[in-house]
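Let me begin by presenting the structure, written as structure tokens, before commenting on it.
Numbering (full-length UniProt numbering), first residue to last: 1 to 103.
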């Protein structure tokens, strides 16, 4: 990762230890507003190449619910969202993310 913004939710987790039902119970890497350079690709990735500059879309939906099938994946109840407990964020040197959510 080259750049990672510090969001209000990161501060909220730091100060309050939770947001709604999402509780920080153990040390956690924060950050979800990020960009970087592709360092390595998965075997099936065809839309990116090593060296591409990308911005990370932090939410990865389930892809199978009705909202996802209708193209409204932001409403997916089973979305993975980096930096939301128990999932780590991307304030790190390297971060693995779904290629189709790297822009």
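Cβ atoms here follow ideal geometry from the backbone N, Cα and C, with glycine treated the same way.
Computed from a predicted model, the values in this text were never measured in an experiment.
Quiz prompt | Assumed close pair residue 64, residue 38 - CB separation to whole angstroms, cut-off 8 Å | solution = About 27 Å separates the two Cβ atoms, so there is no contact after all.
Quiz prompt | Beta-carbon proximity check, residue 73 vs residue 61, cutoff 7 Å | solution = yes
Quiz prompt | Other residues of its chain near residue 101: CB distance less than 6 Å, five sequence neighbours each side excluded | solution = 57, 60
Quiz item: Fully enclosed by the UniProt domain "Alcohol dehydrogenase-like N-terminal" (3-102), which beta strand (DSSP E) runs are 3 residues long or longer?
Solution: 3-5, 33-37, 53-55
Quiz item: Counting pairs of Cβ atoms below 8 Å between the stretch 69-88 and the stretch 37-51, do you hit three or more?
Solution: no
Practice problem: Assign residue 33 to one of two classes, buried (16 or more other C-beta atoms within 10 Å of its C-beta) or exposed (fewer than that). | Solution: buried
Quiz item: Apart from the five residues just before and just after residue 17, which ones in its own chain have a Cβ nearer than 7 Å to its Cβ?
Solution: 23, 24
Exercise. Could you round the C-beta distance between residue 1 and residue 83 to whole angstroms and report it? I think they count as a contact, below 8 Å.
Key: Not confirmed; about 12 Å, so no contact.
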